[in-house]
Each structure stands twice: as structure tokens, then as C-alpha cells.
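Student:
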Amino acid sequence: MRGPLFYSKILLFGEYGIIKDSKGLSIPYNFYNGALKIDEHKTIATRKSNDALKRFAEYLENLQKDQPKLVTFDLEKLKKDVSEGLYFDSSIPQGYGVGSSGALVAAVYDKYAKDKITVLENLTRDKLLQLKEIFGAMESFFHGKSSGLDPLNSYLSLPILINSKENIESANIPSQTENGKGAVFLLDSGQTGETAPMVQIFMENMKQEGFRNMLKNQFVKHTDACVHDFLKGDVKSLFGNVKQLSKVVLDNFKPMIPKEFHTLWKKGIDTNAYYLKLCGSGGGGYMLGFTEDIDKARKQLKDYNLEVVYNF
Numbered sequence: 001m002r003g004p005l006f007y008s009k010i011l012l013f014g015e016y017g018i019i020k021d022s023k024g025l026s027i028p029y030n031f032y033n034g035a036l037k038i039d040e041h042k043t044i045a046t047r048k049s050n051d052a053l054k055r056f057a058e059y060l061e062n063l064q065k066d067q068p069k070l071v072t073f074d075l076e077k078l079k080k081d082v083s084e085g086l087y088f089d090s091s092i093p094q095g096y097g098v099g100s101s102g103a104l105v106a107a108v109y110d111k112y113a114k115d116k117i118t119v120l121e122n123l124t125r126d127k128l129l130q131l132k133e134i135f136g137a138m139e140s141f142f143h144g145k146s147s148g149l150d151p152l153n154s155y156l157s158l159p160i161l162i163n164s165k166e167n168i169e170s171a172n173i174p175s176q177t178e179n180g181k182g183a184v185f186l187l188d189s190g191q192t193g194e195t196a197p198m199v200q201i202f203m204e205n206m207k208q209e210g211f212r213n214m215l216k217n218q219f220v221k222h223t224d225a226c227v228h229d230f231l232k233g234d235v236k237s238l239f240g241n242v243k244q245l246s247k248v249v250l251d252n253f254k255p256m257i258p259k260e261f262h263t264l265w266k267k268g269i270d271t272n273a274y275y276l277k278l279c280g281s282g283g284g285g286y287m288l289g290f291t292e293d294i295d296k297a298r299k300q301l302k303d304y305n306l307e308v309v310y311n312f
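Residue numbers (full-length UniProt numbering): 1 to 312.
1. Can the beta-carbon of Tyr7 be found less than 8 angstroms from the beta-carbon of Ser246?
2. If Leu11 and Val227 are in contact, beta carbons under 8 angstroms, what's the gap, nearest whole angstrom?
3. What residue range does the beta strand (DSSP E) around Ile18 cover?
4. Run the CB neighbour count on Ile44, radius 10 Å, all protein chains shown included, and call it buried at 16 or more, exposed below.
5. Please state if the CB of Met198 and the CB of Ser281 are separated by a distance shorter than 8 angstroms.
6. According to DSSP, what are the bridge partners of Phe88?
7. Tell me which same chain residues have a C-beta within less than 8 angstroms of the C-beta of Lys266, skipping the five on either side of it?
8. How should Gly148 be labelled, buried or exposed, when 16 other C-beta atoms within 10 angstroms of its C-beta is the threshold for buried?
9. Just curious, the beta strand (DSSP E) that Glu307 is in, first and last residue?
10. Taking the alpha-carbon positions, what's the Leu172 to Pro159 distance?
11. Starting from Phe142, follow the alpha helix (DSSP H) in both directions and report where the run begins and ends.
12. Taking all protein chains shown into account, do 16 or more other C-beta atoms lie within 10 angstroms of the C-beta of Asn179, making it buried, or fewer, making it exposed?
13. So does the region 283–295 actually touch the region 193–212, counting three or more Cβ pairs closer than 8 angstroms?
14. Can you give me the start and stop residues for the alpha helix (DSSP H) that Lys232 sits inside?
15. Buried or exposed for Gly34, please, with buried defined as at least 16 other CB atoms from any protein chain shown within 10 angstroms of its CB.
16. Quick check on Ile27: does DSSP put it in helix, strand or coil?
17. Which parts of the region 252–312 are runs of the alpha helix (DSSP H), unbroken and 4 residues or longer, counting only runs that do not cross its ends?
18. Could you tell me the alpha carbon to alpha carbon distance between Pro174 and Ile27, rounded to whole angstroms?
19. Based on the DSSP output, what are the partners of residue 319 in its beta bridges?
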């Protein structure tokens with residue numbers, strides 16, 4: 001048995017801001033993917049995933065008891081498959097901000113949910129919000145609190161525009177420019193990050209009025225402008241806003257940026273060779289970079305692994 005593939009995602013804009021109703025833009029990233037499989041040979045590598053799925057199945061059983069109107073599963077089939085060695089065969093790096101748990105949640109919903117909303121039907125805003133709510137409840141098993149966006153992106157394999165918590169839609173993003181010099185890239189920090197502790201720090205900071213004001217008047221403002229520019233294809237304005245956003249993050253989200261990258265982050269802003277921002281919750285994993293000249297950025301970042309995800 002091998003299930004369909006579910007892809008990783010990249011939240012281009014909106015990390016942390018979407019908790020407080022900023023806009024967000026999330027795109028599927030097909031370079032990494034995962035699928036549910038049954039492992040007949042019971043290897044050590046798959047056992048860890050199988051154990052996690054066993055715990056996840058128990059969690060989903062409780063979720064179904066608590067919120068039967070939200071979602072129900074074929075729990076018998078899920079438990080039977082888990083006992084036969086079900087695991088998630090995935091190339092998506094964990095703790096890297098590209099949605100490893102989101103793809104797993106999407107795969108489990110796709111295979112085991114009853115009366116599921118499918119990708120083929122007319123996806124009204126209500127259906128998208130319903131899916132987001134279901135996925136948020138499912139993914140909370142991994143993160144403590146989830147917006148449900150990562151699994152939604154993985155499940156639909158479409159770019160998703162978040163206008164606000166109650167207003168999401170699939171989005172058309174401008175097509176990439178072949179051989180364009182401008183690029184969005186992933187920068188590998190070489191270490192994993194954990195979502196829950198980072199969100200915890202953010203929630204603590206939110207208790208301070210100064211931080212809340214910064215979030216509303218700077219972070220959300222620049223994030224919304226970036227989403228607007230990106231969707232319109234206004235590259236010149238986009239880079240101005242990304243630079244401002246990069247500065248705001250460096251000044252106010254230091255714990256989310258691995259220490260050894262603080263200087264590199266500032267160097268990008270000072271030289272205009274590239275601008276870095278968080279990819280997911282931060283603390284490690286990937287950082288997201290924007291550059292108007294990818295060759296220039298590669299030279300400046302020659303000691304690091306860069307993966308281009310979008311060309312302007």
C-alpha cells in the first residue's frame with residue numbers, strides 16, 4: 001500500500017502575524033513530500049513513525065468523542081493499519097518550518113476521514129474554513145496550538161491567501177520568471193527548531209503593550225503590504241517592504257533567530273544583497289531569503305546551503 005503524495009509548504013508571509021489577523025500567503029513546495037505506507041518489514045526507521053501514528057490515532061479517537069460534529073474517522077481501519085505497520089514515508093525535514101506535520105495530517109484526513117471535503121468539489125469559503133478548523137484541531141496534537149494552515153496547504157496543493165482568520169481563499173500567484181535574477185530562497189540554519197516553545201515566547205511577549213503595538217503598527221502593516229505586492233507582481237515595492245519587515249523581525253523577534261545568524265541577517269539589510277525573514281516559527285530550520293540578484297546573494301552566503309523556491 002502506498003497513499004497519494006502530500007507536499008511541504010512555505011509560508012511566504014504571515015508567520016506570527018496570522019495569529020493576530022495579519023494577511024498571510026502560503027504556497028506548496030513540491031521539492032519535499034510524504035505518503036502513508038504500510039511497512040511489512042518493521043524496520044527501526046519506520047517504527048518511530050508508526051509509534052507516533054499510534055499515539056495520533058488515540059488522539060483522533062478522543063477528538064472525535066469531544067467534537068463529533070467537527071470530524072469523524074474510520075478508526076477501526078486506522079487502528080488496523082497502524083497495527084500492521086502504517087508509517088509516514090517523508091522527505092520533509094522535521095523542525096524546519098516547511099510543514100512536516102501538516103503533510104502527515106493531510107494524508108491521514110485524506111485516507112481515514114468520513115464524509116471528507118474533497119479537493120474536487122467547489123471549495124467555497126465555508127468549506128475552506130471548515131477544513132482549516134478540522135486540520136487545526138488535528139495538528140494541535142503536534143504543536144499544542146495550530147492554525148490548520150499547513151495541512152490545508154498540503155491537502156489542497158494550492159497557494160492560499162489568508163485575509164483574516166475568518167477569510168481565506170485559494171490564490172493565483174504570478175508565474176515565475178524563467179532565469180529571473182530575483183529570487184525567494186531557503187537558507188538552511190543547520191539546526192532544527194521547535195514550534196511550541198517559540199509560540200510560547202511570542203504569547204508571553206504579547207502580554208506587553210509595547211510588543212502588541214509594534215506587531216500591529218509595524219509587523220502586520222509590512223506583512224500585509226508584502227502580500228499585496230507579491231500577488232500584484234510589484235517587485236520594486238515588494239523588496240522595499242520585505243526590507244522593512246526584515247528589520248522589524250531582527251529588532252523584535254531575536255529569540256526566534258538562531259544567535260549565529262543575527263550578524264548575517266543584519267548584513268543583508270545593510271548591503272541590500274538579500275533580506276532574511278522567518279520561515280515558520282523560527283528557532284532553527286530554514287530561514288526565508290529574498291534577493292533581487294541571486295548571484296550576488298549566493299556570493300555573500302557562499303558558506304550556506306541555499307535552495308531557490310521562486311524566481312522573479
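Positions of the beta carbon are idealized from the N, C-alpha and C atoms, including for glycine. Computed from a predicted structure; not experimentally measured.
Tutor: With the structure as the only source:
1. One thing to note: Tyr7 has its Cβ no nearer than 8 angstroms to the Cβ of Ser246.
2. The beta-carbon distance between Leu11 and Val227, rounded to whole angstroms, is 11 angstroms. This is too long to meet the 8 angstroms contact definition.
3. According to the DSSP assignment, Ile18 belongs to no beta strand (DSSP E), since it is labelled neither H nor E.
4. Result: exposed.
5. The Cβ atoms of Ser281 and Met198 sit closer than 8 angstroms to each other.
6. BP columns for Phe88 point to Leu36.
7. Only Leu250 meet the Cβ criterion.
8. Counting Cβ neighbours within 10 Å, Gly148 comes out buried, since at least 16 surround it.
9. The continuous beta strand (DSSP E) containing Glu307 extends over residues 306–311.
10. Checking the sequence, you will find Asn at residue 172 rather than Leu. Approximately 7 angstroms between the Cα atoms of the pair.
11. Where Phe142 is concerned, the enclosing alpha helix (DSSP H) starts and stops at 125–143.
12. Burial call: exposed.
13. Contact between the region 283–295 and the region 193–212 is present, because at least three Cβ pairs lie under 8 angstroms.
14. 220–232 is the span of the alpha helix (DSSP H), which, as asked, contains Lys232.
15. Gly34 is buried by the Cβ-count criterion.
16. Strand.
17. Fully contained in the region 252–312 are the following alpha helix (DSSP H) runs of length 4 or more, in chain order: 262–271, 294–300.
18. One C-alpha to the other measures close to 12 angstroms.
19. This structure leaves residue 319 out entirely; the chain is present only between 1 and 312.
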